[in-house]
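Protein chains in written order, with my numbering: chain Z, 1419 to 1631; chain R, 1419 to 1631.
Reviewing the structure listed below.
Number of protein chains: 2
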Amino acid sequence: MNTLSDGAGAAHDRLYRNLRSRIMHGELPPGEALTLRGLGRDYGVSMTPVREATRRLVAEGALSLSASGRVSTPALSNDRIEELASLRSLLEPELAARALPRAHLALVGRLESINTTIAEQIVKQDASGYIRTNLEFHRTLYLRAQAPAMLAMVETVWLQLGPTMRALYGRLNRTELPKNHRLIVAALRTGDEQALRLAVRADVTQGLRLLAS
Amino acid sequence: MNTLSDGAGAAHDRLYRNLRSRIMHGELPPGEALTLRGLGRDYGVSMTPVREATRRLVAEGALSLSASGRVSTPALSNDRIEELASLRSLLEPELAARALPRAHLALVGRLESINTTIAEQIVKQDASGYIRTNLEFHRTLYLRAQAPAMLAMVETVWLQLGPTMRALYGRLNRTELPKNHRLIVAALRTGDEQALRLAVRADVTQGLRLLAS
DNA sequence: GGCGCGGCTTTGTGATCACACTTGGACCCG
DNA sequence: CGGGTCCAAGTGTGATCACAAAGCCGCGCC
Chain Z
1419 MNTLSDGAGA
1429 AHDRLYRNLR
1439 SRIMHGELPP
1449 GEALTLRGLG
1459 RDYGVSMTPV
1469 REATRRLVAE
1479 GALSLSASGR
1489 VSTPALSNDR
1499 IEELASLRSL
1509 LEPELAARAL
1519 PRAHLALVGR
1529 LESINTTIAE
1539 QIVKQDASGY
1549 IRTNLEFHRT
1559 LYLRAQAPAM
1569 LAMVETVWLQ
1579 LGPTMRALYG
1589 RLNRTELPKN
1599 HRLIVAALRT
1609 GDEQALRLAV
1619 RADVTQGLRL
1629 LAS
Chain R
1419 MNTLSDGAGA
1429 AHDRLYRNLR
1439 SRIMHGELPP
1449 GEALTLRGLG
1459 RDYGVSMTPV
1469 REATRRLVAE
1479 GALSLSASGR
1489 VSTPALSNDR
1499 IEELASLRSL
1509 LEPELAARAL
1519 PRAHLALVGR
1529 LESINTTIAE
1539 QIVKQDASGY
1549 IRTNLEFHRT
1559 LYLRAQAPAM
1569 LAMVETVWLQ
1579 LGPTMRALYG
1589 RLNRTELPKN
1599 HRLIVAALRT
1609 GDEQALRLAV
1619 RADVTQGLRL
1629 LAS
């Protein structure tokens, strides 16, 4: 068995991580129906590990479970989306603030580098890549907060929003790099916690707000 | 099939809800080792549904999974506990504030009734009952916030703290009803959002703070 | 008396199978 | 032409089995 980042460990875990990543990054549309046997066929495993993986994802809200036991990616109501946006704007400024005193120059450099990657993906119209790199920007910053439980909670929110974010991306035609990311970097440089909190909140809220149409 | 709250639906789901409740309410000590076959024996089912139930609980942080696949109730580090306490003090005041405009007199009455139950359980030294009723106080209030995703997130935190709260209860010898619950009720009556937020934060933080010993 | 080391037991993993339920659609009747 | 019915394929559920790895205990050696 190889120990690469992709195919390591137990089958159910590999399947879990793979599906989780695909959902979080918007590679699956909302409402997509999945079957245990189908997933098992795709990954070359039997139903048993598939069931474990999907149950885990259901517990995290990444998949929704119908009354008859069928799993599908969730199609969120507007209320739900706004609530998840509230959670992001509650948790993420806190994480950013905690990361602020620990943020050194190398970190800011990495964030700027990620920003240029985002700009490229906007040009290429790569929806999934854009979502992935955008989340990487946030995760890179929050990792400095040394708050794994809080980060895990935020990632759960991202996961629930994954399919919806994909749908959202189609509607909005970006042409410019989100200016809030630049504001975040600027606040990190000056060490201004209040400005940082505001910039993160604005960045988190902006995209999701126009979904209440 | 009966539709009672206890034995309804699929075996794995019944097992999941039962275990989740026991963990959240502190009926299991931290570090308790569980085996799939053992749980299956206890509940009279085979390993398959047990695996699904435990995987769900692992995904929620209610159980921790060792490298070799063994499950046990988590034994939290002090850092972890403080972080979870921070999450509570971040999320719960927000939920309370959202519930405030919707809180009517009947709700306040129910909360006071729950408070008297808590006082009785303190006298009876009923640790698990105390935890259960205390959480019921909070849940009853937060349900009015009409924010299911946020409430689910808070319950996840409660779940992770369950075994630790049980251990905590042993150390602290309560003799009086937490005065913060009375402050919460008072703030609800007067409609003072700021006082409510403070009271909830204080209530959430008090017990967990003295765990950093 | 302490410390490895061997085998045995327990445990998790994954495949397979039988069964019950849901579902989708063709078919028939009004 | 529309709506209800019934059947067949598909799907989730749970039990059982074979297997590999981990853990545990006692024996024997130093």
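Ideal Cβ positions, reconstructed from N, Cα and C, are used throughout, including at glycine.
- Message: I'd like the span of the alpha helix (DSSP H) that includes V1463 (chain R), first residue to last.
- Response: Unbroken run through V1463 (chain R): none, as it is neither H nor E.
**Asked** Residue ranges of each beta strand (DSSP E) run of no fewer than 3 residues wholly in the stretch 1550-1593 of chain Z, ordered along the chain?
**Response** The qualifying runs do not exist here; there are none.
- Item | Counted within 10 angstroms of its Cβ, other Cβ atoms place N1496 (chain R) as buried (16 or more) or exposed | Counting of Cβ neighbours within 10 angstroms places N1496 (chain R) among the exposed residues, the total staying below 16.
Give me the Cα-Cα distance between A1503 (chain R) and L1483 (chain R), rounded to the nearest whole angstrom.
Distance from the CA of A1503 (chain R) to the CA of L1483 (chain R), rounded to the nearest whole angstrom, comes to 22 angstroms.
Taking 8 angstroms as the threshold (beta carbon to beta carbon), is M1442 (chain Z) in contact with chain R?
False, the Cβ-Cβ gap to chain R never drops below 8 angstroms.
Alpha-carbon to alpha-carbon, L1433 (chain Z) and L1452 (chain Z)
A straight line joining the alpha-carbon of L1452 (chain Z) with that of L1433 (chain Z) spans about 13 angstroms.
Just to confirm my understanding: we take L1446 (chain R), look at its own chain, exclude 5 residues before and 5 after, and list those with CB closer than 7 angstroms. What are they?
Result list for L1446 (chain R): R1440, T1491, P1581, in chain order.
Taking L1446 (chain R) as part of the alpha helix (DSSP H), name the residues at either end of that continuous run. Note, L1446 (chain R): premise wrong, no alpha helix (DSSP H); not H, not E.
Report the option in Z:P1566, Z:R1619, Z:V1541, Z:R1488 whose CA atom is closest to the CA atom of N1598 (chain Z). When each option's Cα is compared against that of N1598 (chain Z), the closest is Z:R1619.
key: Partners in chain R for R1473 (chain Z), counting only beta-carbon separations shorter than 7 angstroms   = Per Cβ cutoff of 7 angstroms: E1470, R1473, R1474.
- prompt: Nearest chain R C-beta to L1505 (chain Z) closer than 8 angstroms, yes or no?
  reply: With 8 angstroms as the cut-off, L1505 (chain Z) counts as an interface residue toward chain R.
- For V1575 (chain Z), does the count of other Cβ atoms within 10 angstroms reach 16, so buried, or fall short, so exposed? Counting of Cβ neighbours within 10 angstroms places V1575 (chain Z) among the buried residues, the total reaching 16 or more.
*Given that L1502 (chain R) touches chain Z, what residues does it touch there, using C-beta distances under 8 angstroms?*
For L1502 (chain R), the chain Z residues whose C-beta falls within less than 8 angstroms of its own C-beta are A1567, listed in chain order.
So which residues of chain R does R1498 (chain Z) contact, with C-beta pairs closer than 9 angstroms? Neighbours of R1498 (chain Z) on chain R, chain order: P1566, A1567.
Let me check understanding here. Comparing Cα to Cα, which of R:R1607, R:Q1578, R:I1499, R:A1537 lies closest to R1627 (chain R)? In terms of Cα proximity to R1627 (chain R), the closest of R:R1607, R:Q1578, R:I1499, R:A1537 is R:I1499.
_Out of R:T1534, R:S1546, R:A1563, which one is the CA nearest neighbour of P1596 (chain R)?_
Comparing Cα positions, the closest option is R:T1534.
Neighbourhood of T1421 (chain R) by C-beta, 8 angstroms cutoff - its chain only, sequence neighbours within 5 removed
Note on T1421 (chain R): pLDDT 34, under 50, position unreliable in the model; the coordinate value appears next. Nothing listed; no residue qualifies.
_Suppose the cutoff is 7 angstroms on Cβ atoms and the five residues either side in sequence are ignored; what does the same chain contact list for L1614 (chain Z) look like?_
Here the set comprises A1514, A1515, L1518, I1602, A1605, L1606.
Using the Cβ count rule (16 or more neighbours within 10 Å means buried), how would you classify E1530 (chain R)? Exposed, because fewer than 16 other Cβ atoms sit within 10 Å of the Cβ of E1530 (chain R).
Practice item. Report buried or exposed for R1584 (chain Z), applying the criterion of at least 16 other Cβ atoms within 10 angstroms of its Cβ. Key: The Cβ neighbour count for R1584 (chain Z), taken over all protein chains shown within 10 Å, is at least 16; the residue is labelled buried.
Proximity to E1478 (chain R) [Cα-Cα], best of Z:E1573, Z:D1621, Z:E1501, Z:T1551:
Cα-wise, what sits closest to E1478 (chain R) is Z:E1573.
Item checked: Through-space distance from H1556 (chain R) to A1485 (chain Z), alpha-carbon basis -> Approximately 29 angstroms, taken between the alpha carbons.
At a CB distance below 8 angstroms, what residues from the stretch 1476-1493 of chain Z approach chain R? Give them in sequence order. Residues passing the 8 angstroms Cβ filter: V1476, A1477, E1478, G1479, G1487.
Could you list the residues in the stretch 1509-1522 of chain R with a C-beta less than 8 angstroms from some C-beta on chain Z, going in chain order? Flagged, chain order: L1509, E1512.
- Nearest CA to the CA of G1449 (chain R): which residue from R:V1463, R:A1426, R:V1489? Per the Cα distances, R:V1489.
**Report entry** Span of the alpha helix (DSSP H) around G1625 (chain R)
**Finding:** Judged by DSSP secondary structure, G1625 (chain R) falls within the alpha helix (DSSP H) whose first and last residues are 1611-1627.
Under 7 angstroms between beta-carbons, which chain R residues line up against M1571 (chain Z)? List them in chain order, please. Per Cβ cutoff of 7 angstroms: L1505, M1571.
Extent of the continuous alpha helix (DSSP H) to which E1500 (chain Z) belongs: Under the DSSP assignment, E1500 (chain Z) falls in the alpha helix (DSSP H) whose first and last residues are 1496-1517.
With a threshold of 7 angstroms on Cβ separation, who are the neighbours of R1562 (chain Z) within its own chain once the five nearest residues in sequence on each side are excluded? Counting only Cβ-Cβ distances below 7 angstroms, and skipping sequence neighbours, we find A1517, R1520, A1521, L1525.
With H, G and I counted as helix, E and B as strand and the rest as coil, what does DSSP make of L1454 (chain R)? The answer is helix: DSSP assigns L1454 (chain R) an H, G or I state.
Practice task
Check whether the Cβ of N1496 (chain Z) lies closer than 7 angstroms to any heavy atom of the ligand NAD, and answer yes or no.
Solution key: In terms of ligand content, the structure shown is empty, and the ligand NAD therefore cannot be addressed.
Express the C-alpha separation of P1511 (chain R) and L1553 (chain R) in angstroms, rounding to a whole number.
-> Using only the alpha carbons, I get a separation of about 14 angstroms.
Next on the checklist: At the level of alpha carbons, what is the spacing between A1471 (chain R) and Q1564 (chain R)?
Outcome noted: Approximately 28 angstroms, taken between the alpha carbons.
*asked:* By the three-class DSSP mapping on this structure, what secondary structure does R1435 (chain Z) have?
replied: Look at R1435 (chain Z) here: in three-state DSSP terms it is helix.
Please identify the residue among Z:R1438, Z:R1473, Z:D1431 whose C-alpha is closest to the C-alpha of V1463 (chain Z). Scanning Z:R1438, Z:R1473, Z:D1431 for the CA closest to the CA of V1463 (chain Z) turns up Z:D1431.
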